[in-house]
Structure formats: C-alpha cells, structure tokens
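Per this note's numbering, residue 8 is the first one in the sequence shown, and the count goes up by one each step.
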Amino acid sequence: MDPTTLKGRSVLTWLDYTTEEIRYFLDSAKRVKEESRGREVRRRFAGKTLALLFEKRSTRTRCAFETAFGEEGGHPVFLSTADIQLGAKESIEDTARVLGRMFSAIQFRGFTQATVEALARYSGVPVYNGLTDDFHPTQVLADIQTLEENCGPAPGKKLCFVGDGRNNVARSLMVICAKLGVHFTLITPPALNPDPALTARCTAIAQASGAQIRITPEIREVEGVHAVYTDVWASMGEEAKKEERVRLLRPYQVNQALMEQTGRKDSIFLHCLPAIKGEEVTAEVIDGPQSRVWDEAENRKHTIKGILLATL
Ligand code: CP
Ligand code: NVA
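Dropping the structure here:
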C-alpha cells in the first residue's frame, strides 16, 4: 500500500478504508507509542492548525487530539458549539468553508453523521470523526491496538461486545472487526440490534477478511473470546431512554461470573470509557486483573497521532 494515498483524507467511518489502510494506521500508532517512551522532541505538526469542534462532552478524545497535535508543534483550537455558530446562526456548509480556509484539519464530535460528512465535503481539509451517534472510529482503532498488545495479531481473534448493540461503539467495532478479520460477537437484546443494513454490509466485508459476525441475545456466547467489551447503557444524547435501557440491559452486566463464562483466564476486559461502575460493568471487573481499560485510554492518543501523521 502506498501511504501517500492517505494524505488529505478524512476519517469518518472505517467503512471508507481498506484492510491494508487500517493496518497502516495501526502500524503508525505502534511506532508513535514506541517513540513516546523516548525523550526525543518532534515537531511534525509545526505550522499546522486543528479545529476541535465539540457538540458533546469529552475527556479522552479531546485530550488525545490536543496533546498529540500540540506536543509536535501544532496549534489545536477547542471550539464548543456553545461558542461558535455551527448550525445555529450559520449552516454547517458555511462554517465548514470558513474553517477550511483557516485550519489544516478539523475534528468533530457531535450528534449526526451527516454533520461530520458535510464538514468533510465543504471544508476541503481532512475531517476526523471524534464520535457521532453512528460511529466512533478513532476509539475502535485504539481498541484493536490494545487487543493486539495483549492477544497478538488481530486476524482470527475473538472479541465480543455485550450491551447496547446499536450504539456508536458497537457499530464501529463490528465494522473494524469485519475489515481486520476479527471474529465479532454482539451480545445484545433483540430490541437493541444494530440496523440490518449495517449488519449486512459488515457480513459481506467479513467474507473477504475471514471474520465471523454474529448477533445474539445469549450471554453464553462469550465462551472462548479473547476480549469482552462493553459501553454505557445510554449514550450521550439518549438520557431520556435511561430507564428503558436499564430494564433491557441489566441481565447483560459484565461481572465476574460473565468473565468466567469465557472459559479463558487470559481474556481481557475493554471499555471505551467513561464507565458507570455497577451498571454495565462491576468495579470488580473494570478495576480487576483482566481489565486493560487504562492502556486502552492511553492508546487513544497514540492511534490519533498515528491517524494525524498519516493523513496530514
Ligand atoms: N472514549 C471516549 O471517547 O471518551 P471521551 O468521551 O471522554 O472522549
Ligand atoms: N456510546 C458512548 C460512547 C462514549 C465514548 C456515547 O456515545 O456516549
């Protein structure tokens, strides 16, 4: 693969990327992590600017973009939608046109995928999806990096997501696993299945990579997996659905008994964070020996820097 073909591209969903391209980003992130353990100061983003647009809150994604970009001499500018005109007084298209004249790239976190797509279409600069209602691509790249650090090369590994099967993280995991040949089991009540069009698309992609994609309500399907993953029961913007979700998802809590059902002592626990301990996961599991969530959070920075280096 010729890495120069990645220059100038946006990262909106991994559906837009080939297996080889995603692997390139992972290799880039691995190099970046190794470099981070040394003392050398690099200035690879000197003279560049990055707009960080946030409609929703963030700790990890904001800090990962700001530190990854800023420590290499780039100038990140945080813009919450409480401060700028995005979609309020000015259309997304016009905001995109203006930001594209001033910034080298744009990160967007917010509600609709249509917004991040419009930013990419009208700004003329690379746009990174830092989470929408539909996808969270930079998160799942860090998740695969963490899986590989603990379990070896991704192809043929087994990862299951237990919880809200239609949320941004579950959907993004299904996509990246299908692309990279990771067997993906989504354990979720049928009411929370992802949309059939995405599942069909991932199933077709998986045929090429050798991954198996399964969707099931049965918790016993965790048997044999290398990694158990969960996320909050009500995502940002879905607060009104909380009660209904608790009712649907209480049987799907990741606790020690569920971890033991994997039948593997070396299986790891992953969570994109923030977590609500006592709901989707018990403190015993997330703070326990199988948890890799802090490495996973750190890897957000390395994978984001890997993406920035490859595309800018
Ligand atoms: N995992 C993640 O995206 O965390 P933040 O919401 O804190 O950015
Ligand atoms: N599904 C969660 C992920 C947070 C990083 C949300 O959208 O709130």
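From the three backbone atoms N, C-alpha and C, an ideal C-beta is built for every residue, glycine too. Predicted model only: the values in this text are computed from it and were never measured.
I need the DSSP call for residue i, collapsed to helix, strand or coil.
{"i": "Cys209", "result": "helix"}
{"i": "Thr139", "result": "coil"}
{"i": "Phe118", "result": "coil"}
{"i": "Glu42", "result": "helix"}
{"i": "Phe72", "result": "helix"}
{"i": "Glu287", "result": "coil"}
{"i": "Pro133", "result": "coil"}
{"i": "Ala58", "result": "strand"}
{"i": "Lys165", "result": "strand"}
{"i": "Glu97", "result": "strand"}
{"i": "Val18", "result": "strand"}
{"i": "Phe191", "result": "strand"}
{"i": "Phe110", "result": "coil"}
{"i": "Leu86", "result": "strand"}
{"i": "Ser35", "result": "helix"}
{"i": "Ser65", "result": "coil"}
Below 6 Å, is the gap between the Cβ of residue i and the nearest heavy atom of ligand 3?
{"i": "Val300", "result": "Ligand 3 is absent from the structure shown, which contains only ligand 1 and ligand 2."}
Alpha carbon to alpha carbon, how far is residue j from residue i? Give it in angstroms, no decimals.
{"i": "Ala211", "j": "Asp23", "result": "14 Å"}
{"i": "Cys209", "j": "Ala198", "result": "19 Å"}
{"i": "Lys248", "j": "Gly172", "result": "15 Å"}
{"i": "Asp273", "j": "Thr206", "result": "29 Å"}
{"i": "Leu57", "j": "Arg227", "result": "45 Å"}
{"i": "Val105", "j": "Cys184", "result": "36 Å"}
{"i": "Cys279", "j": "Gln146", "result": "7 Å"}
{"i": "Leu126", "j": "Gly244", "result": "21 Å"}
{"i": "Arg30", "j": "Ile151", "result": "10 Å"}
{"i": "Gln214", "j": "Val48", "result": "43 Å"}
{"i": "Thr318", "j": "Val239", "result": "31 Å"}
{"i": "Glu100", "j": "Val261", "result": "42 Å"}
{"i": "Thr192", "j": "Thr26", "result": "19 Å"}
{"i": "Pro203", "j": "Gly77", "result": "41 Å"}
{"i": "Val300", "j": "Asn174", "result": "19 Å"}
{"i": "Arg108", "j": "Glu303", "result": "34 Å"}
{"i": "Arg50", "j": "Arg128", "result": "29 Å"}
{"i": "Cys70", "j": "Val134", "result": "17 Å"}
{"i": "Thr195", "j": "Glu73", "result": "34 Å"}
{"i": "Thr122", "j": "Leu19", "result": "10 Å"}
{"i": "Glu3", "j": "Phe142", "result": "Any property of residue 3 remains undetermined from this structure, which presents the chain solely from 8 to 319."}
{"i": "Phe52", "j": "Gln219", "result": "39 Å"}
{"i": "Arg67", "j": "Ala149", "result": "12 Å"}
{"i": "Thr11", "j": "Glu286", "result": "44 Å"}
{"i": "Thr119", "j": "Pro201", "result": "16 Å"}
{"i": "Lys308", "j": "Leu315", "result": "10 Å"}
{"i": "Thr237", "j": "Lys312", "result": "25 Å"}
{"i": "Gly231", "j": "Gln268", "result": "8 Å"}
{"i": "Ser17", "j": "Asp294", "result": "35 Å"}
{"i": "Arg158", "j": "Gly217", "result": "As written in the sequence, residue 158 is Cys, which differs from the Arg given in the question. Whole-angstrom Cα-Cα distance: 18 Å."}
Nearer than 6 Å: is that true of the beta carbon of residue i relative to any heavy atom of ligand 2?
{"i": "Cys70", "result": "no"}
{"i": "Ser179", "result": "no"}
{"i": "Asp238", "result": "yes"}
{"i": "Val261", "result": "no"}
{"i": "Ser242", "result": "yes"}
{"i": "Val288", "result": "no"}
{"i": "Asn136", "result": "no"}
{"i": "Asn306", "result": "no"}
{"i": "Val176", "result": "yes"}
Does the Cβ of residue i lie closer than 6 Å to at least one heavy atom of ligand 1?
{"i": "Thr20", "result": "no"}
{"i": "Thr310", "result": "no"}
{"i": "Cys279", "result": "yes"}
{"i": "Thr66", "result": "yes"}
Excluding five sequence neighbours on each side, which residues of the same chain lie with their C-beta closer than 6 Å to the C-beta of residue i?
{"i": "Ala241", "result": "Lys248, Lys249 and Arg252"}
{"i": "Ser179", "result": "Phe142, His143, Pro144 and Val147"}
Please go through the same chain and pick out, in chain order, the residues whose beta-carbon is closer than 8 Å to the beta-carbon of residue i, but skip the five residues on each side of it.
{"i": "Leu154", "result": "Ala161, Lys164, Leu166, Val189, His233, Ala234, Ile275 and Leu277"}
{"i": "Ser65", "result": "Arg116, Gly137 and Leu138"}
{"i": "Pro224", "result": "Ile194, Thr195, Pro196 and Pro197"}
Note down, in chain order, each residue of its chain lying with its Cβ closer than 7 Å to the Cβ of residue i, except the 5 sequence neighbours on either side.
{"i": "Pro83", "result": "Leu57, Leu59, Phe72, Glu73, Phe76 and Gly77"}
{"i": "Val292", "result": "Val261, Asn262, Gln263, Met266, Phe276 and Ser298"}
{"i": "Ala290", "result": "Lys284"}
{"i": "Gln92", "result": "Thr102"}
{"i": "Val132", "result": "Gly107, Phe110, Ser111, Ala112 and Ile113"}
{"i": "Val182", "result": "Thr20, Trp21, Leu22 and Cys209"}
Unbroken alpha helix (DSSP H) runs of length 4 or more, entirely within the segment 193-278: which are they?
If one requires a minimum length of 4 residues, the alpha helix (DSSP H) runs lying completely within the segment 193-278 are 203-216, 249-256 and 263-268, in chain order.
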